[in-house]
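Structure record follows, encoded as structure tokens.
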Amino acid sequence: MLRLILIFNVLCIFFVASLNIVNPGPQYPPTKGEVWPKPQQQIKQQTYFKLSPSVFKFTETGKTCGILKNAISRYTAVLRSTHHIVRRHSKKTWKHADTQQLDTNPDFKGTLEELQINLSRPCEIFPHLDMDEKYSLNVSAVSTLTGDSIWGILRGMETFAQLFYLSDGYKEVLINSTQIVDFPRYTYRGLLIDTSRHYLSVANILKTLDAMEMNKMNVLHWHIVDDQSFPYQSQIFPQLSEQGAYDSSMIYTRANINKIVKYARDRGIRVLPEFDVPGHTRSWGVAYPEILTKCYLLGEVVGLGPMDPTRNSTYNLIGDLFREVQEVFPDKYFHLGGDEVAMDCWISNPEILKFMDQHNMSRTSELHAYFMSKVLPLLGQKSKPVVWQEVFDEGVALPSDAIIQVWKRIGAEDMVRILSKGHKVIYSASWYLDRLSNGGDWKHLYIYDPRLLIPHFKGLKLEDVVGGEACMWGEFVDDTNFIARVWPLASAPAEVLWSALDPRHNFTNGYEISCRFEEHVCRMNRRGVSAQPANGPSVLQAKHKVIYSASWYLDYLHNGGDWDKFYTVDPRQMIPRHYKDLDLNNILGGEACMWGEAVDDRNLISRVWPRSSAVAEKLWSSESPRFSFFRNIAIEVNRRLEEHACRMNRRGVHAQPPNGPGFCVGAI
1 MLRLILIFNV LCIFFVASLN IVNPGPQYPP TKGEVWPKPQ QQIKQQTYFK
51 LSPSVFKFTE TGKTCGILKN AISRYTAVLR STHHIVRRHS KKTWKHADTQ
101 QLDTNPDFKG TLEELQINLS RPCEIFPHLD MDEKYSLNVS AVSTLTGDSI
151 WGILRGMETF AQLFYLSDGY KEVLINSTQI VDFPRYTYRG LLIDTSRHYL
201 SVANILKTLD AMEMNKMNVL HWHIVDDQSF PYQSQIFPQL SEQGAYDSSM
251 IYTRANINKI VKYARDRGIR VLPEFDVPGH TRSWGVAYPE ILTKCYLLGE
301 VVGLGPMDPT RNSTYNLIGD LFREVQEVFP DKYFHLGGDE VAMDCWISNP
351 EILKFMDQHN MSRTSELHAY FMSKVLPLLG QKSKPVVWQE VFDEGVALPS
401 DAIIQVWKRI GAEDMVRILS KGHKVIYSAS WYLDRLSNGG DWKHLYIYDP
451 RLLIPHFKGL KLEDVVGGEA CMWGEFVDDT NFIARVWPLA SAPAEVLWSA
501 LDPRHNFTNG YEISCRFEEH VCRMNRRGVS AQPANGPSVL QAKHKVIYSA
551 SWYLDYLHNG GDWDKFYTVD PRQMIPRHYK DLDLNNILGG EACMWGEAVD
601 DRNLISRVWP RSSAVAEKLW SSESPRFSFF RNIAIEVNRR LEEHACRMNR
651 RGVHAQPPNG PGFCVGAI
């Protein structure tokens, strides 16, 4: 009988699920006072305190420094802003009564008066790869935060701020008695930003650092220049940005960089500069074309390619520039890039071929190795190199302290080969944010754990996989949509790289993770980071007869560059010609649909525009061969849409980039 009852219950569950019944409210109710990333060890009790900003204070009981004092000011403001929600909603009536009656509840232990901060060692000047981020936090009648390093204290203060939550009726800010011992599992937890394909304002970079602090990420990998533009303002080579930047307003001065580096340091975040060589350097050649390789086709020069590895002037410029960059960026590592070198340009050049013959080189990989062997010593003793995996794959002789960044395929076999040679690894292969569609894709990032990907090879030091990095390449992001595209997606690898190893790589406890994630997204938004929705509510529906929408669902697409998928669809031209008795005028028009599972006020405008503009033209303008999107027509439409997107931005509509790298004058 018991077995029959169990079988019946299981069948009922499957039957109800098949009905697609949707309950009102959020799909994943947010937790209250749960920390992201999840702490290593935590005991949370039923007893709790309330926050009164006029009473609470941070008290320094150990070492102190400017970084700590700035953090105290910052988190005092965070707690006050949380309490403002109580004041803002105090006169409203809520359908859910406040169940926490503080005066009569035996679990209520009064007002939290202070957090004693005990830093045991003097502050370090800058964060670094091997920094100590461990801390211990005790929330009780006498609350304490202890840590050996300032970086651990910063992580503990972020955790402390996240433990606060709003009571059911938004009448109080509460915090439970809690004991935490916490530290990161990986020492490198990074985010790549690309400021060449599209310029990002200093304000947006600072906002990114705020979000990284909330997620305990500790490296901003700044891919500052590339083929498209050279926004770094060099004092010894000013022509590089004067001629290579998109616009004179789209540069980073030394003062800008100093501000970003200091802002990052105050949050325990390193700033790792990347100047990618020898490829991805077309913007260098606007001012200094002689350092780039001339590419030939049928005996004629057709353009410029990677750096010319045969010229001493190439290395002289690189060396002088890198020494200047090392003065501006204090980190002990320097990213040299080394990926995606256009070897076909090298072998098209007769001078390059002559050089290879003179040096007994039969493969372009040998030429790449030669170039890197000349560049690596230019870093001197100030910096250790980081390179993309192509440099290792092509057999370049690297110093033992070089770190290899893996980005191809899943990356497991690549990591094994690199580790077997004794190098450290940064993992990025599964964490390219620009490949994802919306905030709901965070689960695809969460299932990858770099060390768990590696088969059990004896002799490998898995701890040499020092961490990983979420990468947001800039083809289709700029100031209008950057923050919402990065967050909360980057929060997923942030937890994977910090928290204790558990079965999450199978997402077996997905409901608990999703509910914590929902709270964290709301928390980021309350603190000024416009993170897009992470968990859609439920199902969608759409059907009617004479208004066409089937190919124009905006929520199905990836980024602004997908507009051409809309433009190639025309409702009336889709009807086969042999249906001669149909009145095509009964197709009244069409509609672009943006369903709300993964959009809200934070990202609606940039998700809708300019993609809807493609639909708008299809439904307004005369029929043309554009249905086939012939190349000459595509170029013309591209240019007009680019102008239109810039026009919308100038008039206050934050349309995201439609055609890859570029800029809009007057839109910044």
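Under full-length UniProt numbering, the residue at position 540 of the sequence shown is numbered 540, and the numbers go up by one with no gaps. A virtual CB, placed ideally from N, CA and C, is assigned to each residue, including glycine.
Tell me the DSSP bridge mates of residue i?
i	result
Q179	I43, N138
T59	Q116
D194	H223
Y427	V406, G468
Y432	C471
F108	Y48
Y188	G467
L604	Answer is none; L604 lacks a bridge partner.
E274	H223, H335
C295	G303
G147	L119
L419	Answer is none; L419 lacks a bridge partner.
Y165	L174
For residue i, I'd like the list of residues in its chain whose CB is within less than 7 Å of its CB, leaving aside the five on either flank, ordered along the chain.
i	result
D414	Q389, V406, K408
H578	Interpretation of H578 is limited by its pLDDT of 44, a score under 50 that renders its predicted location unreliable; the figure taken from the coordinates is listed afterwards. Cβ within range, chain order: n/a, list empty.
residue 748	For residue 748 there is no data in the structure shown, the boundaries of the chain being 1 and 668.
D107	Q46, T47, Y48
H335	H221, L272, P273, E274, V386
D441	L489
A245	S229, F230, P231, I251
P278	P306, M307, P309, V341, F371
Verify whether the separation of the beta carbon atoms of residue i and residue j is less than 9 Å.
i	j	result
L206	K332	no
G467	I426	yes
G337	I175	no
N118	T159	no
P30	S499	no
V615	M594	no
V341	V271	no
F517	Y199	no
I587	N204	no
R640	M214	no
G319	L376	no
Q116	T76	no
K134	G110	no
L137	D103	no
V202	I269	no
L191	M212	yes
R374	Q326	Before going further, note that residue 374 is Lys rather than Arg in the sequence given. It is not a contact, given that the beta carbons lie outside the stated cut-off.
S248	C295	no
State yes or no: is the beta carbon of residue i nearer than 9 Å to at least one beta carbon in chain B?
i	result
D308	Here there is only one protein chain, and chain B is not present.
Could you name the residues of the same chain whose beta carbon sits closer than 6 Å to that of residue i, not counting the 5 residues immediately before and after it, in chain order?
i	result
Y448	S430
L445	W431, A492, P493
P533	G439, A598, D600
Ordered along the chain, which non-local residues of its own chain (more than five positions away) have a Cβ less than 8 Å from that of residue i?
i	result
N258	V328
L292	T281, R282, W284, G285, L304, G305, P306, M307, D308
D210	R267, R527, G528, V529
P289	L304
V653	I605, W609
K384	K332, Y333, F334, P399, D401, A402, I403
F164	G33, L51, L79, T82, V173, L174, I175
Y263	L206, L209
T93	Residue placement at T93 cannot be trusted, given a pLDDT of 47 that sits under 50; what the coordinates show is reported in the next sentence. Once the five neighbours on either side are set aside, T93 has no close Cβ partner at all.
Let me know if residue i comes out buried or exposed under the rule of 16 or more other beta-carbons within 10 Å of its beta-carbon.
i	result
Q358	exposed
R197	buried
D194	buried
H456	exposed
L298	exposed
S621	exposed
A542	Unreliable positioning characterises A542 in this predicted model, as indicated by a pLDDT of 27, which lies under 50. The coordinate reading is nonetheless provided below. Looking at its Cβ environment, which holds fewer than 16 other Cβ atoms inside 10 Å, A542 is exposed.
H84	exposed
G66	exposed
S313	exposed
P127	buried
N509	exposed
Requested in this report: Could I get the ranges of all uninterrupted alpha helix (DSSP H) runs contained in the region 447-517, with 4 residues as the minimum, in chain order?
Outcome: Within the region 447-517, the complete alpha helix (DSSP H) runs of at least 4 residues fall at 482-486, 491-498.
Report task. Could you tell me which uninterrupted alpha helix (DSSP H) segments, each at least 4 residues in length, are contained entirely in the region 300-340, listed from first to last along the chain? Result -> Within the region 300-340, complete alpha helix (DSSP H) segments of at least 4 residues are found at 312-328, given in chain order.
Report task. Please go through the region 360-414 and give each complete beta strand (DSSP E) segment of 3 or more residues, from N-terminal end onward. Result -> Counting only runs of 3 or more residues that sit fully inside the region 360-414, the beta strand (DSSP E) segments are 384-388, 403-406, in chain order.
Report task. Let me know the beta strand (DSSP E) ranges lying completely inside the region 198-252, each 3 residues or longer, listed in chain order. Result -> At a cut-off of 3 residues, the continuous stretches assigned as beta strand (DSSP E) that sit fully inside the region 198-252 are 219-223.
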